[in-house]
Structures are given as C-alpha cells and as structure tokens.
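Enquirer:
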Amino acid sequence: MTNELIALLVPGLLLFSAIFILLYGLSTSYTKEKGYYMTLVTLLVTFILAVSTISEKHSIEVLPDIFNSMLVYDTFSATFISLFLFGGFLTLAIAKSFIDKTSYFTHESFVLLLFSLFGMVILSMANELVTAFVALEIASMSVYVLVGLNRHSLKASEAFFKYLLLGSFAASFYLLGMMLIYAQAKTTNLDGIAEYILHTELHSQLLIVAGSMLIMITIMFKIASVPFGAWVIDVYEGASLPITAYMAGVFKIAVFAFALRIFLSDYISFEAIYDPLIIGGAVVTMIGGSLLAVIQNSVKKMLAASSVVHSGYLLIALASIEVSNQNAANAIIFYLFAYFISALGAFGVLSYISKGGDVLITFSDLDGLAKDKPLIAASLTIFMLSLAGFPSTIGFIGKFYIFTSAIEAGNTLLALFGALTAFVSIYYYFKVVVHLYFKESVHLSVDYGYKVSLAFIVISAFIVLWGGVGTSLLFDIPGINELNKLTEHSIESLGL
Amino acid sequence: MSTLSILIFLPIATALFLFFIRINIQIVKVLYMVVTSIILYVALKLYIDFDPNAPMQFVEYKVWIREYGINYFVGVDGVSLGIVMMNAILMPLIAIALYKQRDKHGYWIHLLFVQGGIMGAVLSLDLMLFYLFWEIMLLPIFFMIGLFGYGRKNFITMKFNMYTILGSLVMLIAILYIAVQYKEQFGVYSFSLFELKNITLSSTQSILVFSGFMLAFAIKIPIFPFHTWLTETYRSAPTGAVIVMSALMAKLGTYAIWRFLFTLFSDTSHEVAPYFIALGLFGLIFFGISAMYQTHLKKMFALSSASHLSLIVVGFFIYDVYGLVGSSYLMVAHALSSAALFLMVGMLFERTKTHYIDSLGGIAKVAPRFALFFAFFALSIVGVPLTAGFVAEVLIILGAFNYNIYIGFITATTILIAMLFMFKVISKVLFGEPNEVTKDFQDLRMHELFALVPLALLVLAMGIFPNYFIKNIEPTAQFYILEKEAPKNDK
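Protein sequence lines, in the order shown, are assigned to chains R and Y. When you line the first sequence up against my numbering, it's residues 858 to 1353, in that order. When you line the second sequence up against my numbering, it's residues -19 to 471, in that order.
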C-alpha cells in the first residue's frame, strides 16, 4: 500500500466505523460488548496500518489537487498517529472492567472516542491553520462530551461545563491569532507563512508575532501549563478514570504534535522573542504543578496535577529548540512517548482497581495492596518510578534527553531547575509506593478479574522498563536506539 | 558472559526471578546462599587472576545507547577490587548470621538486588552506567527500611531516599554538563570516564561541576554537614540494610571521589583538597564527640562510622601514595569491622530487645564468647595493633605528615577520639553486673560463630600480613599520583 492510501485509509476507517457504530447503536441487536470490540478492532487495524509506515523517512502531501496541500503525511505524523491509536487501544483494553461495570458507556461514548481520534489524526497531519483548528475542535468537542459522560454525577457535569466554557474561550484566541497572521502573510499554509517570515524583516512582522503568540495561548491552555491550566484538576477529577487517562496520555500528545510542527516550521525564526516567554512559562508551570501535586490526597488528582509538571519539562525542551540544533525536538517526541506509556499505565491501574466506582482513590485506599496483589502493585510502582524519572525506566531516558538538550542550548540553569522539580516529584510519586508497600492493609482481599486488562497493564510496565534499559543487542526487540532513530526520522521528515 | 557481568547481573537476575516466582522461603534462602557463594567464588577467582601492575582489567565494552555514546563499560582496578571483595564476602555471611530471624521473601530478594547494584556501581567506567546503578542500589534499601524497619520507618525511609536523590539529581546535571562540553570540544557525545577526562574546563566551570558530583558523594558518605539523615536512618533500618549501608554504600561514596573526581578534575581536586581535609578532620572530631553522647547503640555506631569515613576522606584528599593506599585499606578494614559490629548489635537486640547502652551491662559474665568478639571488633575499629585498622591508620598518618606536619599532628591525635566512645561502650555493655535484661543473655550460637569467625580472621590477617593485600592497591595509587604530577611537569 502506498503511504498516500494509508493516509486516507486511517482517518477514513475511523470515521466509517464511528458512523457505523452510531447507526448500529440504535438497533436492538446492539450490545455494549459488540460496540466495544468493534472499536477495539478498528483501532487495532488502523494502528497496524499506521505503524507500517514509520520505519522510513517519507513525506507526501495528501491529494494536493483536492486538499490544496492542507494535509501532509510524513514520518512525523505517522509516528504520532500510531501513538494515538495505540493509546486509544490501550485505554480501552485496560478499561474493560470499568466499562462493563458502569452504565454510562453507551454506544455514543465509543463513537465520540473514535471521532476524537479522527480529529487528532487530522491534527497531526494538518499543515494549515484552519484545518488544524477544525481538527483540534473536532477532537476537543468529543473530549468535552466524554468528560461529562456520567450525567448523574454532579462532579462530571461541573467538569464538563467548566472544560467546555474555558476550552471554547481559549479556542477563540486561536481564531484571532490566525486572523492576524493571515492579515499579514496572506496565507494560512504553514509553509507559506514560513516563507513569508524568511523573506521579511523581523521588525515589520508585528502581526505575525502577535498572532503566533495568541495561538500559543491556546496550545498552552490545552497542555494545561500554568497559568492557563487552571481547569486541569477539576476536569481530570470529574472525568471517569479511563477518560482521564485518555486526556492525559493521548489528547495532550496530539496538541504537542501540532505545537511541534508549527514551532519547527514557523516559530523557530522568532526564537529570540519567544524563548524567554517559554522559559518563564516552563518555570511557573513546574512550580505551580509541583505545588498542586504535593498537596493532593487523592491519587487521581495527584496524577492530574503532576501532568502539569510534565508539561513543564516539555516546555524546557521547547525552549531549547534552536535553528542550528534540533536535538531538543527529538527529546520532546521521546519524552512524549515515555510520558504517554507511563501515564496510561498509572491511570489504567487506578481504573482497574476502582472497578467502575465513582469514588476518588485516595492514598490510603492503596494501603497494603502489595501484599494482596503483588503484580498490580509492582506495575504501579514501575509507572511511578518512570514518572519520577528514576533510572532503568523509560521516564529517566526521557528526562535525560530533555536535560541534555537544554544544557546543549545553554539553558543549564533551567535544566538544574528541572532536576529540582524532579526531586520534588520524588515525594509525591514515592508516597504512592510507601502506601502500596509499607502500610498495613485495611481492606478485604478482592478479586478484580479481567485478566486481559491486567495483562495489558503488565505489558505496559514491561515497555516502561524495556524503554529504560533495552537494547537490541540483548534480544531482537527494538530498544532505546530504535526509538531514537524513530524520533530522528520524524523530525527530519518535517523538512522534506 | 564474562566475570564482571556475572558479578553484576547474576544477583539482579536471581532477585527478579525470585520476585516473580513465589516459592517457599526455605528455598529462597538456599538460593540466596547458592548465588552469593557463586559470587564469592567468582570474586575470589577475580582476586587471584588480578594483575596488580596492569591498570584496568577484565574490561568489557558493549554499545548501549549509540547516539549519545553511552556504553556498557566495566572494569576493575586496585581500588574497586577491595569493594568488590567486601561485597562478595559480606553478603553470604549476613545470611549465615540472620537466616533464622528473617522469614520474609523481600528481605533476601532486596539483599540480592543491592549486591548486584553495588557491584555495578563499583565496576562502571561509564558515567551514565554508574548513575544507573548508583540510583538502583538505593531502591532495595528504601524498601528494606520501609518493610522491615523500626520506629517511624515510613518517614525516615522517605527522608533518606529524598536526601540521597537530591544529591544524585544534581550530579546528573553535572554529568550531562561535562558530556555536552565534551561534545562541543570533540564533536561527539561520550560518557566514558577515560574520554571525558580529556576535556578542558574553565576553573569556574570545573569548580561548579566538581561540587555537583561532590554533593552526591558527600550525602552518601556522609560528610559534615550532610549527615542529618544518618542516625535516624541507621536506627530504623533492619540489620541487613544497616550493614549494607555502613559497610558498602558509604564506602562507595568515598570510592567515587577517587574514581571520578580525581580522574575527571585532577587539578580542581588538588586545589580544593585543603578544604576537604579540614572538613574531614572536623567531621572526625564532630562525629566522634557526638558518638560519645549517644545512648542508642545503633546511632552511636552510625556516628562512629561517619567519623571513620571522614578520616577516609582526609586520606584521599592528602593525595599521596600513603594516603590513598591507607584510605583504601581503611575502607576494607572498616567495612569488615563495622559489618561485624552491626551484626552483633542485631544479635544483641534480638536477645535483649533493647538498643540503649544504659540498660545493658555485664554481658561478659554471662556470654564470654559474645563479649570477646564484640570487644575484638570494637578495638579493631579503634585501630589497635595487629588489626587491619591499625595498618590503615598508620598509613594515613604517614601520608598526613608527608602533606604537612600540622595536619599530620592533628590527624594522629584526633584518631584517638574513637577510643573514647569505644571504651565507653565496651565498659558499659560488656562489663559491670548483669541486670534484669542481660542476666539470661544467650552466648553466640554456632551459626553466628560461623559468620563472625571469618570476619575476625580476615581482620587479623589484614593486620598481620598487610603486604599481601597492599600489593594489589599500591600500583593503582602510584598510577594516580604519577598522573597527577605529569601535567605539572609539562607546565
């Protein structure tokens, strides 16, 4: 199959299967089971399609005659698409017990999930501002509704409304920014804008600088960086666990994919103007996120708050991208992968042990879990270690790349600050470990069932470890080197 | 697999295997003994095959993360050999002494894990590899204190963990910084110790990076004023963990000063040496005096350990063949004696359920064998002639006199401070009249003797035939001294 065909087939299949489930859901022969497996199969097939194109460097415009170079399918988008689809698959696979035991996962929820993935897939291919906006809104709208799935919960409704209101408000900045850019550059195509910037003096580009900054506000909002991320705790808390996992692990990555593309093609020329802003943003994000995370007593809220901190690390790398040296961009992709798998795993464990309950899992709910369920406890510990950046996990390698690229760009103090933030994060991540292992159990032993979900959790834990120490020398499984190669190819394919 | 990889990965692999396979605790113990015995055998073979005059031996080199020049690069020389041997010797002995008390899988799994971690950290010649093992060996101790400790164990293990990781993270940035400098100067990334030492840094950079490394090592050792985690952690930790921390992990901090700081920042280390000698001597006195006022046995021995580790730091920074050899010798000697003492404190607690010096007394009357060994090891820490400690301390004092007559004088007199608290302990714990707690004190049992006798013999052997052991360390020390002086001659 050619790359162009796959580029059409992946979103096409997602869309088709979403509409199919939407209609089929109305028929009497529909059961939750069928909807679930249909979604799962769709995700698996599209994932296999997408992943078959990441091995080499390539870049094509998808049907340039029809779409007028709005969509680009390169290794970069292929990598991200594979990540989203894998993330969607993993979320669903781990959340099987949660979905079975709750009543609000109707057929629409699967449809919305597929729609949001469709939006993200288009977003990562978008090479034009309007397309990107539409794709971002498709994805966001679906996620808004997914947050409010549980209509009977007041918290979920509050979260839904808050997210919808703030999200739409933030999106308007994007529109304004896009308008300003268009007013000056007379195009919304990223390549066109880049060309305009290149051929115009920096002083006479006020509108583009201002417009880009407004777009950046929307991006900062979506990745929940301080001070635009005030919604994050409430929304993550109100959403049901699989959806929280999906938002933290997958949706955030999609926004970063677009941010990275727009950065490397356009913003990079304004490096001197934006770097201080991003550095400032990174610092307040790390401080704010750490403060929030330290004071939480629910594990879910702690993970939500700590996801802000991780955005801070990513901003460090974003500030360290230079025209001459784009190692930092590789670091971002690697870190996204590391955070993706660890966060999905961590939230997955929570959703697995909450069994669809609406309760917040507090730290003391985890007391003594290790005695009862050593495998679950060990997996959760591995995810925590990875999020904290402890060596021998993929999270450490991710931080290693980010800090190295920051030092390379001359931001040594910023890297040191990142390391100190990681030090603070040891506190709240290891608190989970302390509760898992060192506290006396207060609960009766429960059988969680769903061995398949557990198997996926354990597999994720192995990926985390393998990504931390793995090398293809030992077994013939792709390890750190191969991931590196992939991130390099992705970034290079942007320039093709 | 070659020798060093077996030393590192056999214990780790066994630990992982035991974690996943839930089997009878008796089998776990047997497996622990088998694996640590194999390690001991391999280590002994390493010791015999070791060629004192060759620089780095049994080197293994495999590419790990290609793009960043991170490799699996291990090797052994005269200094690391000592810690490798200690690690191999102590681990089976811990099991012999404790196998009756400890019936939890985790205890033995974590001990195996930490053995592999320490081997890895000692043998690594690549900075990232070193960092990996340096952090990994922390986890088992964290778990051991949390799972099997005493008192406010959760708080204490967390504090210990965070304190240590703070140092490590600063060191990580320092490592990355010099790696980036290397890239700017040579065009490629490398984390290999022997390549990184070729970089040129300005004196400010050098001092900053040096401090980054030193912070991590100073916390681990601990050097004054980074010792605030020490007494509480030792007090809470179970016997196995205390032995590992005092006999092996603390030594690893001092070892790393030599291996990494002296290699990478030879000039800077030389410049700052006076400060660290002063800090070390101050620590020697400060910890010594603090130890005198302790009523809790474990806390007291913790401070006594810290006091001797300060002396080791002094010996290193004197930077002279006598100082280097003496300190390396003291690392081994002190590891043996302190491991034995902490084992005996563990036995004491098991029998009397108390750690307080004041509530003990008269043990010599009811348990003569216990008293004999306890006194012997306590005296060997003080450095009584015929014990290993004596040889080491004499060498360090010689080195100190070579360095500067006043420093020599101060070192020679302050070493005596150990006598003050050791004699206090010996007199209060062993002598006097037996009281309620100690009147039924049971003398050493057979398996406990089995654990202590080899340690005692080794301490004696190292005290009576020091040449046999020193000949392995000396060429390495000479090599470092020559290297230190070489650039000076160029100028």
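The beta-carbon is built from N, C-alpha and C at its ideal position, and this holds for glycine as well. In this text, all values refer to a predicted model and were calculated from it rather than measured experimentally.
Helix, strand or coil for ASN469 of chain Y, going by three-state DSSP, please let me know.
Expert: Low local confidence applies: a pLDDT of 43 at ASN469 of chain Y is under 50, so the model's placement there is unreliable, with the coordinate-based value given in what follows. Helix.
Enquirer: Under 7 Å Cβ-Cβ, which residues of chain R neighbour ASN134 of chain Y?
Expert: Within chain R, the residues near ASN134 of chain Y are VAL1291, PHE1295.
Enquirer: Is it buried or exposed, TYR1131 of chain R, if we count other Cβ atoms within 10 angstroms and call 16 or more buried?
Expert: Its Cβ being crowded by 16 or more others within 10 Å, TYR1131 of chain R is buried.
Enquirer: Taking the C-alpha atoms as reference points, what is the distance between ALA1188 of chain R and LEU1047 of chain R?
Expert: Whole-angstrom Cα-Cα distance: 23 Å.
Enquirer: Can you grab the Cα-Cα spacing for the pair LEU879 of chain R / LEU872 of chain R, in whole Å?
Expert: Answer to the nearest angstrom: the Cα atoms are 10 Å apart.
Enquirer: Got a sec, what are the start and stop residues for the beta strand (DSSP E) GLU40 of chain Y sits in?
Expert: Run containing GLU40 of chain Y: 37 to 45, per the beta strand (DSSP E) assignment.
Enquirer: Given that a residue counts as buried once 16 or more other Cβ atoms are within 10 Å of its Cβ, and exposed if not, what is VAL405 of chain Y?
Expert: By the neighbour-count rule (16 or more Cβ atoms within 10 Å), VAL405 of chain Y is buried.
Enquirer: Does any C-beta atom of chain Y lie closer than 8 Å to the C-beta of GLY1046 of chain R?
Expert: Strictly speaking, residue 1046 of chain R in this sequence is Asn, with Gly absent from that position. It does not: the Cβ of ASN1046 of chain R has no partner Cβ on chain Y nearer than 8 Å.
Enquirer: Is the shortest distance between the beta-carbon of ASN469 of chain Y and the beta-carbons of chain R less than 8 Å?
Expert: Model confidence at ASN469 of chain Y stands at a pLDDT of 43, short of 50, so the residue's coordinates are unreliable; what they give is reported in the following sentence. No, no contact with chain R.
Enquirer: With distances taken between CB atoms, is the gap from SER1249 of chain R to VAL1326 of chain R smaller than 8 Å?
Expert: It is a contact, given that the beta carbons lie within the stated cut-off.
Enquirer: Run through chain Y and tell me which residues come within less than 8 Å of ASN1268 of chain R, C-beta to C-beta.
Expert: Within 8 Å Cβ-Cβ: nothing; ASN1268 of chain R doesn't reach chain Y, min ~11 Å.
Enquirer: Secondary structure at LEU1351 of chain R, three-state DSSP: helix, strand or coil?
Expert: Helix at LEU1351 of chain R.
Enquirer: Would you check if there are 3 or more beta carbon pairs closer than 8 Å linking the region 451 to 460 of chain Y to the region 376 to 383 of chain Y?
Expert: With the cut-off at 8 Å, the region 451 to 460 of chain Y and the region 376 to 383 of chain Y do not touch.
Enquirer: Taking the C-alpha atoms as reference points, what is the distance between VAL1004 of chain R and LEU1021 of chain R?
Expert: When rounded, the distance between both Cα atoms is 10 Å.
Enquirer: Starting from TYR961 of chain R, trace the beta strand (DSSP E) in both directions and tell me its first and last residue.
Expert: Element bounds for TYR961 of chain R: n/a, residue is neither H nor E.
Enquirer: Check whether the Cβ atoms of SER308 of chain Y and VAL59 of chain Y lie closer than 8 Å to each other.
Expert: Result yes, Cβ atoms of SER308 of chain Y and VAL59 of chain Y sit closer than 8 Å.
Enquirer: Going by beta carbon distance, what residues of the same chain come within less than 8 Å of LEU1322 of chain R, once the five residues before and after it are set aside?
Expert: Closer than 8 Å at the Cβ level, and outside the excluded window around LEU1322 of chain R, lie ILE1239, SER1249, THR1250, ILE1251.
Enquirer: Indicate the three-state DSSP secondary structure (helix, strand or coil) for VAL1299 of chain R in the structure shown.
Expert: In this structure, VAL1299 of chain R counts as coil in the three-state DSSP scheme.
Enquirer: Please determine if the region 309 to 318 of chain Y and the region 361 to 380 of chain Y are in contact, where contact requires at least 3 C-beta pairs separated by less than 8 Å.
Expert: They touch, by the three-pair rule.
Enquirer: Just how far apart, CA to CA, sit ILE337 of chain Y and PHE411 of chain Y?
Expert: Answer to the nearest angstrom: the Cα atoms are 12 Å apart.
Enquirer: From the beta carbon of ASN141 of chain Y, is the nearest beta carbon of chain R less than 8 Å away?
Expert: Closer than 8 Å to some Cβ of chain R, the Cβ of ASN141 of chain Y qualifies, so yes.
Enquirer: What does DSSP give as the partner residues of ASP106 of chain Y in its beta bridges?
Expert: Y:SER172.
Enquirer: Cβ of GLN46 of chain Y less than 8 Å from any chain R Cβ?
Expert: Here residue 46 of chain Y is Arg; the residue named in the question, Gln, does not match the sequence. Yes, its Cβ sits closer than 8 Å to a Cβ of chain R.
Enquirer: Using the beta-carbon count (16 or more within 10 Å), is THR208 of chain Y buried or exposed?
Expert: With fewer than 16 other Cβ atoms within 10 Å, it is exposed.
Enquirer: Buried or exposed: ASN925 of chain R, going by 16 or more other Cβ atoms within 10 Å of its Cβ?
Expert: ASN925 of chain R comes out exposed.
Enquirer: Considering only the beta carbon of each residue, do THR1261 of chain R and VAL160 of chain Y sit closer than 8 Å?
Expert: In this structure, VAL160 of chain Y lies closer than 8 Å to THR1261 of chain R by Cβ.
Enquirer: In the region 97 to 119 of chain Y, which residues sit with their C-beta less than 7 Å from some C-beta in chain R, listed in chain order?
Expert: Within the region 97 to 119 of chain Y, the qualifying residues are TYR111, LEU112, GLU115, ILE116.
Enquirer: With the cut-off set at 8 Å, would you say VAL294 of chain Y and GLY260 of chain Y are in Cβ contact?
Expert: Going by C-beta atoms, VAL294 of chain Y is nearer than 8 Å to GLY260 of chain Y.
Enquirer: According to DSSP, what are the bridge partners of LEU1311 of chain R?
Expert: According to DSSP, which records beta bridges pairwise, LEU1311 of chain R is partnered with nothing at all.
Enquirer: Give every residue of the same chain whose Cβ lies closer than 8 Å to the Cβ of LYS471 of chain Y, excluding the five residues on either side of it in the sequence, and list them in chain order.
Expert: Confidence at LYS471 of chain Y is low in this model, with a pLDDT of 36, below 50, so its placement is unreliable and the value that follows should be read with caution. There are no such residues.
Enquirer: Taking GLY472 of chain Y as the reference, which of Y:VAL325, Y:LEU(-4), Y:LYS408 has the closest Cα?
Expert: A query on residue 472 of chain Y cannot be resolved here, the shown segment of chain Y reaching from -19 to 471 and no further.
Enquirer: My assumption, with CB atoms under 8 Å, is that ILE1110 of chain R sits in contact with LEU1193 of chain R. Please give the rounded CB distance.
Expert: The Cβ separation is near 5 Å, so the contact holds.
Enquirer: Judging by CA-CA distance, which residue of R:THR885, R:LEU1011, R:ILE1334, R:LEU947 is the nearest neighbour of SER1208 of chain R?
Expert: For the residues R:THR885, R:LEU1011, R:ILE1334, R:LEU947, the minimum Cα distance to SER1208 of chain R belongs to R:LEU947.
Enquirer: In this structure, does DSSP put VAL867 of chain R in helix, strand or coil?
Expert: It is helical.
Enquirer: Taking one C-beta from the region 1109 to 1127 of chain R and one from the region 1037 to 1051 of chain R each time, how about it: are there three or more such pairs within less than 8 Å?
Expert: Touching, yes.
Enquirer: I want to verify the contact list: residues of chain Y whose CB lies under 7 Å from the CB of SER1249 of chain R, in sequence order.
Expert: Simply LEU112, ILE116.
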